[in-house]
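All remarks here apply to the structure that follows.
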Amino acid sequence: MISYLILGVISVVQARKYLRRNTYTDYLNILQSPEAPSVSILAPAYNEEATIIENIRSLLSVRYPNYEVIVVNDGSRDRSLTKLIEEYQLEPVNFAVNYKIETKKVKNVYKSKDPAYNNLVVVDKENGGKSDALNAALNVSTGDYTLNIDVDCILEEDCLLKLMKPFLEETDKNMIATGGVVRIANNCRIEKGRIVEVNVPNKLLAQFQTLEYLRSFLLGRVAWGSLDGLLLISGALGVFQKQLVIQCGGYDNETIGEDMELTVRMRRYAREKGIDYVVGFVPDPLCWTEVPESWSVLRRQRNRWTRGAVETLLSHKRLFLNPFYGKIGMVSYPYWLLFEWLAPLIEAFGIVLLVLFSLLGVINISFLYLFIALIYGYTVAFTIATLYIEEITFFQYKKRRQLLRLVIAGLIEPLMFHPFVVYCAVTGNWDYFFEGKKAWGSMKRVGFSRPTDRGKRITGGGKGKKNKPNPAAPLPSNNVRTRPAT
Amino acid sequence: MREFLIDIYYFLLALEPRYKIVIFLVIALLISAAIMISIVLRERSRKNSIEARERRIKRQVEPIIQEIVFTEQDASQFKDAIKKINRIVDSTLYRRSNMNILNELILYYHRNLGGEAFTRLENLYREIGLKQIALENLRNGEWHVRAKAINDLSTMRMGETLFEILQYTDAENMHVRNEAQYAAVKLGGKKAMSFLNDLESPMSEWQQIRLLDQSRKFEYELIDHIGPWLRSKNDTVVIFALILMRHLNQYHEREQLRKLLYHRNEKVQEKAIETAIELAYSECIENLYEVYELTKNLRVKTAVLKAMGELGGSKEAGHLREVLVSGKEYELVMAAAKGLKRMGRHDVLTGYRENELSEKGENIVKHVLDDRI
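As you go down the protein sequences, you meet chains A and B in turn. The number in the numbering used here is simply the position in the first sequence, starting from 1, with 1220 added. The number in the numbering used here is simply the position in the second sequence, starting from 1, with 5 added.
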């Protein structure tokens, strides 16, 4: 409880500081500058034919002076590539791919005949999974920095400007990566690939996740970012220093949680090489994504996140309480281990014991009820505090009715959503350790369960993908979140 | 009701201490949640009332500002207009907040207008007292208030405040310092850039970009200080001077580039090479060979090859060909091939004996010769 409170306080201070700084920030200077560093936007796509054209258009309209968009068709079985070729008048070119990182075979690299799309590169390769696609994009990219995104996310127009600012502002240390806040797009009104009206999702399940994302990004990651203890830059939105990513060997093909794994590996590498580095975080809402509105899709997603987190934590166990790695070894890693991995297991075990002891009559039932009420009270109070912080900082949910819906969801969440998340985390651990599910398999990414009409309001979603909100997100109560949705 | 409460009181009193503690905590948490909700709702009402006030002030003030900006007015009309605005924003409780609204409105107009309208808005800004408020904020505010005040003063081109602003160009707080440097360049032109002479704090790339953006608005003229800046102990000042040289065509100090090619900081080396290319400083070509041999940094090596392609002749074409044939790193081979293409040496790029080039080299040549990429 205390740790969440501390993180909450740090977040508020940081968010306010950020907002104060941005009251007079003018991004026009960099927008017009020939000195702006080059950025490659890496967008892996698998079976995204329903939305790919609109999404790429959205990426091509990002405000930044010096960037390229690299779309990797990761062996899609649908018409994703054909649609891209037709829409953007693509033709294969003699691109000499620099295989700095080993990937599945690149069949072709396409460029557009239309000079208006001069900064678009489409890579067609054999299916190898998200990590492999990202590595292929890295091999083709020419930018100094890479913005890694999920192709179906909606970016804010100024997203890249804001994410690059910490890199350009840092003078003392080597900024190796920055992440940004991912928000939920369900029920938001979208026009021409941009969010024009922010709404609270209609479905209760998505509302729970809205609260979870708020806690996770607004409180957790902002605080960890300011403490330079972030262990996860979401796969949905993160800028990385390309050279370092390549030196680290790129994305790990064998892991499920490739985003967290890369962040941890980069930090570890930088530390081992004596690089005085820092990882930044921008508290602004920069990216919007759909969250699952069905329990079964959510269960699969959370199960996968759990396995990803466990896998990463185990593969970097050397960090645990290792003073050589500084804050990540002494604080972030143990925090993750305890709160993101073990907490749900301990909680589930505790619940089983409580039930058992209650049946055996060895527990004072009235005190147990009181204790449950205490946890419930804390969870609710923490959620309301999150809404308050949102209110005084970024203030996205402007209608009073929306706020009340979130409050009501906050009252129900500890009783419905939280136990479900605990259950998913337990099954995720079971699947990892006893069923041997340690990888995505060859067809890793699932994509939207239904096509999304980007010209309208997103009324449902169902992707069981990426976008984990922050791991180290303050979870109310004895909360259990594995890694809140990236 | 009273009896009910008394019953509860005695019930609680009779409980064990641990029960009392937990009950107290639960009640405290629920009460805090309720209080926070009420604060949020109150905050919303406050925001709504501010927005309403803002709309009202804008509705009333905008026509007056437009009249000042777009029509010829004599001194008395101008005074009347100011009185009218003062009456609108005057309020015992909200004067400060109203002045902020007015400030933002004038800044907005200033950003979107030019010419005579510009000057009239600046007069209005002074006369209405906003300049004075900004100066007070600059002297007494917290860091963010000071930074904003400097930003406002420079946006409104309050040149008379330059000397006061110059005092902050090496301020401890980075944000105040950055705003002051930017304002100095904006208000004082290249002469005000003399703060770079003895700047000790590092300049971020962000700040360099901002200052460059302002500097590019200068009319072309030689910047005398560039020499000392290139010799500065502060590497970020050296880098910025190189950027200025490149973008403002400051040829007069290009002899110094030769020395900077051997700078201990690889970023400076890279920028010096880029500047040499931009200023067509081919006299340094022999030094570039040395740099190529001495450095292990791939980026610097790549920059050297690029420079050879841009500045070199047939000797350099030979060197590039050598790298193309025997280079191991993709980046170097690519840079060599691009260099040859830039030289127009398609004959070298295509005239290879069979098996002389590796598969990688051949692919790179095809890549470079493909104009669609």
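Ideal placement from N, C-alpha and C gives every residue a C-beta, glycine not left out.
- With the criterion set as a beta carbon lying under 7 Å from some beta carbon of chain B, the members of the segment 1624-1635 of chain A are 1627, in sequence order.
- Inside the segment 1272-1311 of chain A, DSSP marks whole alpha helix (DSSP H) runs of 4 or more residues at positions 1272-1280 and 1300-1308, from first to last along the chain.
- Taken in chain order, the members of the segment 1592-1621 of chain A whose beta-carbon sits within less than 7 Å of a beta-carbon on chain B are 1593, 1594, 1597, 1598, 1600, 1601, 1604, 1605, 1607, 1608, 1611, 1612 and 1620.
- Boundaries of the beta strand (DSSP E) around residue 1394 of chain A: 1394-1404.
- In the three-state scheme derived from DSSP, where H, G and I count as helix and E and B as strand, residue 162 of chain B is classed as coil.
- Under the criterion of beta carbons closer than 8 Å, residue 1328 of chain A and residue 1344 of chain A qualify as touching, at roughly 5 Å.
- Secondary structure of residue 1570 of chain A (DSSP, three-state): helix.
- At a cut-off of 7 Å, the C-beta of residue 331 of chain B has no neighbouring C-beta in chain A.
- DSSP, reduced to helix, strand and coil, places residue 1440 of chain A within a helical segment of the structure shown.
- Within the same chain, and ignoring the five residues on either side of residue 1551 of chain A in sequence, the residues whose Cβ sits closer than 7 Å to its Cβ are 1449.
- Bridge pairing for residue 1461 of chain A: A:1365 [DSSP].
- Inclusion of residue 148 of chain B and residue 180 of chain B in the CB contact set at 7 Å is warranted, their separation being smaller than that value.
- Taking 7 Å as the cut-off, the beta carbon of residue 1476 of chain A is found no closer than this to the beta carbon of residue 1546 of chain A.
- The beta carbon of residue 127 of chain B sits no closer than 7 Å to any beta carbon of chain A.
- Residue 71 of chain B counts as exposed, since fewer than 16 other beta carbons sit within 10 angstroms of its beta carbon.
- Of the candidates A:1326, A:1331, A:1472 and A:1509, A:1509 places its Cα closest to the Cα of residue 1401 of chain A.
- DSSP, read as helix, strand or coil, puts residue 27 of chain B in helix.
- Judged by DSSP secondary structure, residue 1235 of chain A falls within the alpha helix (DSSP H) whose first and last residues are 1222-1241.
- Put simply, the CB of residue 27 of chain B is near chain A, with a gap under 7 Å to one of its CB atoms.
- Straight across, the Cα-Cα distance linking residue 1488 of chain A with residue 1538 of chain A is about 10 Å.
- In the DSSP assignment, residue 310 of chain B falls within the unbroken alpha helix (DSSP H) covering 303-316.
- Residue 335 of chain B belongs to the set of residues whose beta carbon lies under 7 Å from a beta carbon in chain A.
- Short of 8 Å from the beta carbon of residue 217 of chain B, and not among the five residues preceding or following it, lie these beta carbons of its own chain, in chain order: 245, 248, 249 and 252.
- Taking each of A:1643, A:1604 and A:1616 in turn and checking the Cα distance to residue 40 of chain B, the smallest one comes out for A:1604.
- Annotation: Cβ neighbours of residue 1241 of chain A in chain B (cutoff 8 Å, chain order): 149, 152 and 180.
- Shortest Cα-Cα distance from residue 1363 of chain A to any of B:356, B:376, B:333 and B:304 involves B:304.
- Residue 1365 of chain A has a beta carbon lying at 7 Å or more from every beta carbon in chain B.
- The C-beta of residue 1618 of chain A has fewer than 16 other C-beta atoms within 10 Å across all chains shown, which makes the residue exposed.
- Contiguous alpha helix (DSSP H) elements confined to the segment 1462-1490 of chain A occur at 1462-1467, taking only those with 4 or more residues.
- Counting only residues of its own chain and dropping the five nearest sequence neighbours on each side, residue 278 of chain B has a CB closer than 8 Å to the CB of 266, 293, 296, 305, 308, 309, 311 and 312.
- In the structure shown, residue 1630 of chain A adopts helical secondary structure according to DSSP, grouped into three states.
- For residue 278 of chain B, the enclosing alpha helix (DSSP H) stretches over residues 271-283.
- Rounded to whole angstroms, the separation of the alpha carbons of residue 1281 of chain A and residue 69 of chain B is 38 Å.
- Contact annotation, residue 38 of chain B with residue 1601 of chain A: C-beta distance approximately 4 Å; criterion of less than 8 Å satisfied.
- Contact between the segment 1382-1391 of chain A and the segment 1249-1257 of chain A is present: three or more C-beta pairs spanning the two stretches fall below 8 Å.
- Contact annotation for residue 234 of chain B against chain A: no contact, minimum CB-CB distance about 16 Å [criterion: below 7 Å].
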